[in-house]
Amino acid sequence: MGLATALGFARRGIPVVGYELRAEVRRDLARGRTSIHEPGIVPLLRGGLASGRFRVVDSWADLVRTADILFLCLPTPRRSDGRIDLRPMLRGVRELGHALREVTEPRLVVVKSTVVPGTTEERIRPLLERTSHRRAPSVTVAANPEFLAEGSMVKDVLEPERIVLGVSHPADARKLRRVYRAFPAPVIVLPPTGAELVKYASNAFLALKVGFVNEVARLAEAVGADVDPVAAAVGLDSRIGQKFLSAGPGFGGSCFEKDVRALIARSHDLGLKPRMLEALVPSNDDQTRHAFDLVRRAMGIVQGRRIAVLGLAFKAGTDDVRESRALPLVRLARSAGASVRVHDPVALENFRRAWSQSGGPGGQGVRFCTTVAEAVEGADAAVIPAGWPEYTPFPTAWSTRMRHPLVVDLRRALPRSMRMRPDLRWVGLGVGSVRDGAPGSASLPRRKPRRRRGSR
Ligand SMILES: NC(=O)c1ccc[n+]([C@@H]2O[C@H](COP(=O)([O-])OP(=O)(O)OC[C@H]3O[C@@H](n4cnc5c(N)ncnc54)[C@H](O)[C@@H]3O)[C@@H](O)[C@H]2O)c1
45 MGLATALGFA
55 RRGIPVVGYE
65 LRAEVRRDLA
75 RGRTSIHEPG
85 IVPLLRGGLA
95 SGRFRVVDSW
105 ADLVRTADIL
115 FLCLPTPRRS
125 DGRIDLRPML
135 RGVRELGHAL
145 REVTEPRLVV
155 VKSTVVPGTT
165 EERIRPLLER
175 TSHRRAPSVT
185 VAANPEFLAE
195 GSMVKDVLEP
205 ERIVLGVSHP
215 ADARKLRRVY
225 RAFPAPVIVL
235 PPTGAELVKY
245 ASNAFLALKV
255 GFVNEVARLA
265 EAVGADVDPV
275 AAAVGLDSRI
285 GQKFLSAGPG
295 FGGSCFEKDV
305 RALIARSHDL
315 GLKPRMLEAL
325 VPSNDDQTRH
335 AFDLVRRAMG
345 IVQGRRIAVL
355 GLAFKAGTDD
365 VRESRALPLV
375 RLARSAGASV
385 RVHDPVALEN
395 FRRAWSQSGG
405 PGGQGVRFCT
415 TVAEAVEGAD
425 AAVIPAGWPE
435 YTPFPTAWST
445 RMRHPLVVDL
455 RRALPRSMRM
465 RPDLRWVGLG
475 VGSVRDGAPG
485 SASLPRRKPR
495 RRRGSR
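Numbered per my numbering, the sequence shown spans residues 45 to 500.
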């Protein structure tokens with residue numbers, strides 16, 4: 045998030061200096077390289093460096109000497125109790141505070157990371173004042189949450205839909221408005237706590253939307269409907285909207301579950317009972333189990349069979365595997381006794397690391413494949429949790445390699461025209477008519493329709 049934000053500012057004409065803890069990352073960035081897979085990020089980085097508007101420095105001290113507004117984009121990962129782990133953020137704030145002692149000019153510190161409502165005012169500002177020995181108006185603190193999404197970061201930072209400023213001093217609002225003048229988006233100015241809440245409310249709502257359409261997908265399967273045209277028709281209501289009504293194996297990514305859990309924990313601390321939020325993560329976990337159940341029912345027998353999992357990132361377009369549903373799906377397949385081959389166009393190495401760190405049951409029996417051909421070789425089913433366009437042609441060169449050419453498409457990524465292909469058996473999450481069957485069968489046995497009384 046920090047890199048994309050910095051490069052977005054630089055592209056819009058604002059000079060940016062960036063600091064990052066890991067020396068190898070700083071070195072790479074200074075040379076125009078990044079290991080992050082994000083469409084358009086490398087040209088943006090190189091453009092920023094070439095224009096001289098983006099450069100990387102080696103310490104907080106260098107940073108505070110040069111920059112008068114300091115955006116904190118530090119990680120706020122999830123703790124096991126659902127709260128955010130503020131340690132990396134507080135460590136950064138401490139380092140920044142010490143560096144701030146060495147300069148005398150006024151500085152504005154802006155929390156861009158996602159922090160639960162109250163954090164900027166209750167935790168970050170007091171720590172910064174203690175460590176820097178400075179306070180307002182010499183050093184002030186604001187919140188400015190970021191709404192970019194992985195996979196479309198570059199577009200999102202250059203064309204944000206809104207800019208939310210959480211400020212305690214009118215002068216800070218003026219400074220930040222000047223920075224954001226270059227961006228064509230409405231600016232909303234709130235106190236820091238309100239700005240922090242906007243971020244959590246937004247992510248929780250998006251997660252609710254995904255969770256909701258996933259439950260509709262389960263209904264669609266049960267009643268014999270197709271979730272996509274249903275969701276499209278629902279989304280034509282402008283009060284609802286089309287976006288995020290795409291069913292899948294459950295939401296993943298670094299933010300949704302973390303933010304929902306943190307908001308629940310914060311609500312509990314405040315004596316509130318957020319029933320809707322509390323239902324979200326269990327519903328999402330149900331959806332992943334449901335996705336695997338679809339695989340199991342389509343295959344008939346899983347024990348001793350081979351499953352190819354195509355698409356390991358939490359969604360297509362990114363190499364991020366944090367909270368990717370591919371992880372529990374592979375674990376469920378292993379627990380059910382299948383051997384698994386996995387493939388992803390860009391996230392294979394990240395997945396390999398996450399898999400070995402997760403150390404869940406069935407750690408063996410997973411093969412990491414650099415080609416789809418290798419992954420589907422001898423497979424009894426190919427499961428698609430992330431709909432990379434690379435998979436959608438699903439050529440006969442792949443289907444003929446499979447022992448049973450069954451594709452369980454958890455994103456309905458294959459175009460409709462391909463779903464009836466004679467060399468494939470296609471099963472889509474959220475698409476009715478899927479009933480228990482055996483692998484390789486030309487069509488799945490349908491349940492006999494129940495006779496209604498009076499009908500013939
Ligand atoms: N990833 C997203 O799509 C996204 C979107 C909006 C908001 N956010 C929020 O942005 C924040 C950062 O998320 P992220 O996904 O970019 O995290 P990340 O872990 O990918 O990146 C954080 C970076 O900060 C560096 N860092 C850690 N401690 C440091 C220190 N003391 N000094 C200097 N650098 C340090 C790390 O090395 C890492 O490169 C989080 O609060 C997250 O919730 C993320």
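Beta carbons are placed, not taken as given, at the ideal position from N, Cα and C, and that holds for glycine.
| Check | Outcome |
| --- | --- |
| Opposing strand residues paired with Gly-472 [DSSP bridges] | Asp-453 |
| For Pro-449 and Leu-338, the rounded distance between their alpha carbons | 16 Å |
| Under the three-state DSSP convention, the category Leu-314 falls into | coil |
| The alpha helix (DSSP H) enclosing Arg-319, as first and last residue numbers | 319-343 |
| The stretch 270-278 in contact with the stretch 217-225 per 3-pair CB rule at 8 Å | no |
| Contact test: Val-69 Cβ vs ligand 1 heavy atom, cutoff 7 Å | yes |
| Among Ser-400, Asp-388 and Thr-184, nearest to His-81 - alpha-carbon criterion | Asp-388 |
| Rounded C-alpha distance that separates Asp-313 from Leu-202 | 37 Å |
| Selected residue, minimal CA-CA separation from Pro-235, among Asn-188, Gly-210, Ala-229 and Phe-249 | Gly-210 |
| Contacts around Asn-188, its chain only, beta-carbon distance under 8 Å, and the 5 residues preceding and following it disregarded | Phe-115, Val-154, Val-155, Lys-156, Ile-207, Val-208, Leu-209, Gly-210, Leu-220 and Ala-239 |
| The stretch 287-294 / the stretch 253-265 touching (three or more Cβ pairs under 8 Å) | yes |
| Glu-173 CB to nearest heavy atom of ligand 1 below 7 Å | no |
| C-beta atoms of Val-325 and Tyr-244 nearer than 8 Å | no |
| CB-CB length for Ala-306 against Gly-126, believed under 8 Å | 6 Å |
| Alpha carbon of Asp-112 to alpha carbon of Arg-90, nearest angstrom | 24 Å |
| CA-to-CA distance, Ala-323 to Val-478, given in whole angstroms | A caution first: Val-478 carries a pLDDT of 47, below 50, which makes its placement in the model unreliable, though a value can still be read off. Cα to Cα, Val-478 sits roughly 27 Å from Ala-323. |
| Length of the line joining the Cα atoms of Pro-170 and Arg-151 | 15 Å |
| Reference Phe-300, options Thr-158, Leu-473, Glu-146 and Arg-460, closest by Cα | Thr-158 |
| With 16 other Cβ atoms within 10 Å as the buried cut-off, status of Ala-419 | buried |
| Neighbourhood of Ser-246 by C-beta distance below 8 Å, restricted to the same chain and skipping five residues each side | Phe-191 |
| Helix, strand or coil at Ser-383 according to DSSP, with G and I counted as helix | strand |
| Pair within 8 Å by beta-carbon distance, Arg-138 and Asp-129 | no |
| Where Phe-53 sits in the DSSP three-state scheme | helix |
| Backbone CA spacing between Gly-403 and Thr-148 [nearest angstrom] | 50 Å |
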